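Report on the following structure.
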Amino acid sequence: MPENIDGFNETQSFKEIQKEAKSLSKWFESIAKIKASDPQALAQLDKALQTMPNDAEFIHHYQAYKTKAQSFVTTARHNRANNIKRLISAYIRDAQQSGKATREFIKGWRIGPLELQINFEQAMISFCYNQENLTKWQSVGSVEDIQKAEGTALTLLEKAALPPELLTKVFWEAYVEARKRNSRSLDQSLVAINDFYREVRIALVRSRYETKKPHLKLDRFVEFPKYAFLYNLDLYRSMTSQIPAEIKLAWQTGSMSEVNKGNGVVVNGLEAANEYRFICYVKQAQEGNLR
0 MPENIDGFNE
10 TQSFKEIQKE
20 AKSLSKWFES
30 IAKIKASDPQ
40 ALAQLDKALQ
50 TMPNDAEFIH
60 HYQAYKTKAQ
70 SFVTTARHNR
80 ANNIKRLISA
90 YIRDAQQSGK
100 ATREFIKGWR
110 IGPLELQINF
120 EQAMISFCYN
130 QENLTKWQSV
140 GSVEDIQKAE
150 GTALTLLEKA
160 ALPPELLTKV
170 FWEAYVEARK
180 RNSRSLDQSL
190 VAINDFYREV
200 RIALVRSRYE
210 TKKPHLKLDR
220 FVEFPKYAFL
230 YNLDLYRSMT
240 SQIPAEIKLA
250 WQTGSMSEVN
260 KGNGVVVNGL
270 EAANEYRFIC
280 YVKQAQEGNL
290 R
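With numbering that gives the first Met the number 0, the residue at position 107 of the sequence shown is 106, and numbering never jumps.
The following block contains the structure:
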């Protein structure tokens with residue numbers, strides 16, 4: 000749970016709420032423990048009922064407890080929101096002082112290639128790349144917790160990066176294979192980005208077996224999550240000028256309807272200063288369509 004501020008100890012207060020709940024449930028515990036097959040079951044039930052408070056008293060206890068528990072939830076959420084705001088401010092300040100590019104946006108912050116998403120009520124954070132989760136949502140109680148999660152996210156990106164030569168080869172092979180299966184009637188040179196992603200994964204496995212005996216266990220590229228694809232997609236786009244013209248790819252957006260249906264991907268995540276863009280299609284590059 001988050002740090003305590005303004006004299007509010009969330010953990011201790013939560014334990015008190017649990018203790019009172021247990022106290023309220025004691026009237027039913029003896030009933031729950033009765034064995035229905037016991038010849039004395041009815042007598043035991045009758046005895047337990049005699050110890051219960053009258054209706055008005057029970058309702059009073061229940062309503063008082065519910066009011067106190069709801070008040071605790073409201074206070075805890077307010078405390079968490081204040082706490083996480085303080086931690087995020089300190090974390091961003093440290094990042095800026097260390098020379099990292101930062102940018103605030105509606106869901107949180109962009110720090111270098113990462114996107115920090117924040118759940119203020121739960122005092123939880125998650126790091127993403129191009130809006131795809133790198134780290135799971137986790138509670139944080141200090142700036143160090145956030146920095147540790149950032150390090151984990153950056154390590155995942157570093158490990159996901161393909162060597163430029165392999166990246167160029169795999170992307171071209173994936174495009175060629177996807178184009179063979181293309182059913183678009185208007186422009187068969189356009190390949191849907193999700194179909195391209197699928198072929199990239201297949202091409203990566205194929206490339207691995209090219210350097211291994213076929214019976215050996217595959218030790219790389221079994222997993223290639225979407226964040227890894229998007230990161231390498233941005234890396235590819237950043238080195239377009241170095242790719243031979245005959246195997247160079249270009250990227251095309253689609254309609255807002257296609258994007259809303261999940262047929263597009265977010266790109267431009269390498270630098271915090273860059274605006275996100277959506278890509279829906281891949282095609283072979285020609286003069287003037289290298290974006």
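For every residue, glycine included, the Cβ atom is placed at its ideal position computed from N, Cα and C. Since the structure is predicted, the reported quantities are computational estimates derived from the model, not experimental observations.
- Shown here for Y226: same chain residues with a beta carbon closer than 8 Å to its own, the five before and five after excluded, namely C127, Y128, N129, E131, N132, L133, L155, L156, A159 in chain order.
- 7 Å or more divides the Cβ of I83 from the Cβ of K99.
- Inter-residue distance for Q146 and S206 is about 36 Å (C-alpha atoms, whole angstroms).
- Segment contact: the stretch 53-72 against the stretch 15-28, three or more CB-CB distances shorter than 8 Å; contact assigned.
- Of all alpha-carbon atoms in V204, T66, I58, A80, the one lying nearest the alpha-carbon of V139 is that of A80.
- Straight-line spacing of the CA atoms in G268 and G107 works out to 14 Å.
- In this structure, F223 sits near R200, with a CB-CB distance shorter than 7 Å.
- Counting the other Cβ atoms within 10 Å of the Cβ of P243 gives fewer than 16, which makes it exposed.
- Under the 8 Å Cβ criterion, the stretch 244-264 does not count as touching the stretch 117-127, having fewer than three qualifying pairs.
- A direct Cα-to-Cα measurement between S237 and L161 gives close to 13 Å.
- At the C-beta level, A177 and E149 stay beyond 7 Å of one another.
- Secondary structure of T167 (DSSP, three-state): helix.
- For W136, there is no enclosing beta strand (DSSP E), since its DSSP letter is neither H nor E.
- Pairing K65 with F220, the inter-Cα distance amounts to about 52 Å.
- Per DSSP, I110 is one residue of the beta strand (DSSP E) stretching across 107-110.
- The C-alpha of E9 lies about 23 Å from the C-alpha of K135.
- Note that the stretch 87-94 does not touch the stretch 23-41; fewer than 3 beta-carbon pairs, one per stretch, sit closer than 8 Å.
- If you draw a straight line from the Cα of Q95 to the Cα of T101, it comes to about 7 Å.
- Of the other Cβ atoms in all chains shown, fewer than 16 fall within 10 Å of the Cβ of I58; this residue is therefore exposed.
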